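The next block holds one structure in the form of structure tokens; read it before the comments.
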Amino acid sequence: MSKHSEKKQARSLRRSRESRGYRAFQVCNTILMIIIGAATLYPFLYLVAQSFSSEAEIIQGNVNLIPKGFNITTYKSVIEKGDFQKYYLNTLIYTVVGTVLSVLFSSLLAYPLSKSNLRYSGFISKFIIFTMYFGGGLIPNYVLMTRLGLKDTMMGFLLPGLIGTYYVLLMRSFFSSVPHELEEAGELDGLNKLGVFFRIVFPLSKPIIATMVLFYASMIWNNWFTAYLYLDSKEKWPVAYYIKTIITGASTSSDPGEATAEAMQVSANIKSCSMVLMALPIICVYPFIQKYYVQGMMLGGVKE
Numbered sequence: 014m015s016k017h018s019e020k021k022q023a024r025s026l027r028r029s030r031e032s033r034g035y036r037a038f039q040v041c042n043t044i045l046m047i048i049i050g051a052a053t054l055y056p057f058l059y060l061v062a063q064s065f066s067s068e069a070e071i072i073q074g075n076v077n078l079i080p081k082g083f084n085i086t087t088y089k090s091v092i093e094k095g096d097f098q099k100y101y102l103n104t105l106i107y108t109v110v111g112t113v114l115s116v117l118f119s120s121l122l123a124y125p126l127s128k129s130n131l132r133y134s135g136f137i138s139k140f141i142i143f144t145m146y147f148g149g150g151l152i153p154n155y156v157l158m159t160r161l162g163l164k165d166t167m168m169g170f171l172l173p174g175l176i177g178t179y180y181v182l183l184m185r186s187f188f189s190s191v192p193h194e195l196e197e198a199g200e201l202d203g204l205n206k207l208g209v210f211f212r213i214v215f216p217l218s219k220p221i222i223a224t225m226v227l228f229y230a231s232m233i234w235n236n237w238f239t240a241y242l243y244l245d246s247k248e249k250w251p252v253a254y255y256i257k258t259i260i261t262g263a264s265t266s267s268d269p270g271e272a273t274a275e276a277m278q279v280s281a282n283i284k285s286c287s288m289v290l291m292a293l294p295i296i297c298v299y300p301f302i303q304k305y306y307v308q309g310m311m312l313g314g315v316k317e
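In the working numbering, the protein residues as written are 14 to 317.
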């Protein structure tokens, strides 16, 4: 056998071993992802099953992942209740307004920082990163919001989390990947800096914008603690804070030893329905922006 044939046979054997190893890795990786996915989905699926189950089945503890005694009466009672609709509308308004403002101001902050010729850009970036690790504290922030007259207002709810430092860094990395020649072409056509940003850079940044929309919308939609601090009027509550009061009220309104099992389980059924309805919009929106989310995270996280 010639040396050429021996080398060819050795390469073929090596590729065969690598192929078997890769297939084994794929199998192990798939099994691991299935386990992680099941562990992630189980709590939510259990919540959904409990929300569609009858009170008697919940009391007996027969509900797992499949609804028992299927009914939608609890959903009807929760949706038709005026308070829930009002708080749901508040959350929609807060989320839309807050997401638009957060994405706008975060991008306006990140875009100049992506330019290497910006004076003191290094110092400004370090100052912004500093705020990610060190804050003024809860009490100073509360005093500041009160002194500014923002307590019990929409901006009092939105302003504390209007700009996220980590999100600004992601957007800065993405903007730095936009070809500079396109911006120069816009300036030659008579656009100023804002015109270049809004008419050239911003439309080309759909992946990172979609990613930030998902991040900010999820954060605002699920935010109850800021409402707890700054919203005194009950009619201004978001639905997250309303559900939190339901949960804490059910657990503290009476002594568990004295409360009947039926009352406790009915309250669990209502809580399940409320949490499913709260999570539903984010779950419905995510599939439509998933491709932009993945692309934005990849491009925004590579460069620094």
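Glycine included, every Cβ here is placed at the ideal spot set by N, Cα and C.
Quick caveat, the model's predicted, so the values are computed rather than measured.
- Secondary structure of LYS139 (DSSP, three-state): helix.
- Contact annotation: the region 241 to 258 touches the region 168 to 186, with at least three C-beta pairs closer than 8 Å.
- The residue among LEU122, THR53, TYR229, GLY203 with its C-alpha nearest the C-alpha of ARG185 is LEU122.
- Taking every protein chain shown into account, the CB of PHE187 has 16 or more other CB atoms within 10 angstroms, so this residue is buried.
- Separation of the CB atoms of PRO80 and PHE65 is rounded to 4 Å, and the pair is thereby assigned contact status at 8 Å.
- Residue environment analysis places LYS249 among the buried positions, since at least 16 neighbouring C-beta atoms fall within 10 angstroms of its C-beta.
- The beta carbons of PHE215 and SER120 sit closer together than 8 Å.
- With respect to TYR229, TYR100 sits apart: the two C-beta atoms are not nearer than 8 Å.
- With contacts defined as CB atoms closer than 8 Å, SER231 and ILE295 qualify as a contacting pair.
- The residues LEU60, GLN63, SER64, in chain order, have a CB closer than 6 Å to that of SER285 in the same chain once the five nearest residues on each side in sequence are set aside.
- Inclusion of PHE118 and ILE176 in the CB contact set at 8 Å is warranted, their separation being smaller than that value.
- Using a Cβ distance threshold of 8 Å, VAL181 and GLU196 do not count as a contacting pair.
- Closest option to ARG212, judged by alpha-carbon separation, among GLY199, SER189, ALA253: GLY199.
- Cβ neighbours of VAL289 within its own chain (closer than 7 Å, five residues either side excluded): LEU60, VAL61, SER64.
- Distance from the CA of SER134 to the CA of MET145, rounded to the nearest whole angstrom, comes to 17 Å.
- Restricting attention to beta strand (DSSP E) runs no shorter than 3 residues, the region 59 to 98 encloses none.
- For ARG160, the enclosing alpha helix (DSSP H) covers residues 151 to 160.
- By the neighbour-count criterion, in which a residue is buried when 16 or more other Cβ atoms sit within 10 angstroms of its Cβ, ALA52 is exposed.
- ILE48 is not a Cβ neighbour of ASN282, given a cutoff of 8 Å.
- Of the candidates PHE147, MET225, GLU68, GLU68 places its Cα closest to the Cα of ASN84.
- Under the three-state reduction of DSSP, LEU244 is assigned to coil, being neither helix nor strand.
- Shown here, TYR299 sits in a helix according to DSSP, grouped into three states.
- Put simply, the backbone Cα of VAL91 is about 7 Å away from that of SER287.
- For the options THR159, ALA223, THR258, TRP234, the alpha carbon positioned closest to that of PRO300 is the one of ALA223.
- PRO251 has its alpha-carbon roughly 5 Å from the corresponding atom of THR104.
- If the five residues before and after SER246 are omitted, its C-beta is found closer than 6 Å to the C-beta atoms of ASP165, all from its own chain and listed in chain order.
- In summary, ASN236 is buried, with 16 or more beta-carbon neighbours lying within 10 Å of its beta-carbon over all protein chains present.
- Of the other Cβ atoms in all chains shown, fewer than 16 fall within 10 Å of the Cβ of PRO153; this residue is therefore exposed.
- Separation of ALA253 and PRO125 (C-alpha to C-alpha, rounded to the nearest whole angstrom) is 35 Å.
- Using a 10 angstroms sphere on the CB of ILE106, the tally of other CB atoms stays under 16, which defines it as exposed.
- Distance between VAL110 and TRP234, taken at the CA atoms: about 11 Å.
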